[in-house]
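All letters in the sequence shown, in the order written, are residues 77 to 126 by our numbering. No residue lacks a Cβ here, since even glycine has one placed at the ideal position from N, Cα and C. These figures come from a predicted structure and were not determined experimentally. Only one structure is covered here, and it is reproduced in the block below.
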Amino acid sequence: MSGHGRHSRGQGRSRSQGSLRDHKGQRYWFCCPGCGPAFDADPDKYAQAC
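Shown next as C-alpha cells:
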C-alpha cells in the first residue's frame, strides 16, 4: 500500500469512489478500490505505514 493513506494524491477520485476509511480518529483515503478491503482486514498494520 505504498503511497496510500490519508495524504494520498488520489483523494478526489477516492472520495467519489467511496474509498475511504476512518480508524482511531483518523481518515484514510485510498487511490485504488482494492486497498480499502486490505485495510479493513488489518487496519493497525496499514495505519502504521502511513
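Can you tell me whether residue 112 is buried or exposed? The criterion is at least 16 other CB atoms within 10 Å of its CB, across all chains shown. The count along the sequence shown starts at 1 and reaches residue 112 at position 36. Buried, by the Cβ-count rule.
Apart from the five residues on each side of it in sequence, which residues of its chain come closer than 7 Å, Cβ to Cβ, to residue 101? Residue 101 sits at position 25 when you count from the first residue of the sequence shown. Cβ neighbours of residue 101 beyond the five flanking positions: none.
Does DSSP classify residue 116 as helix, strand or coil? Residue mapping note: residue 116 aligns to position 40 of the sequence shown, counting from 1. Reduced to three states, the DSSP call for residue 116 is helix.
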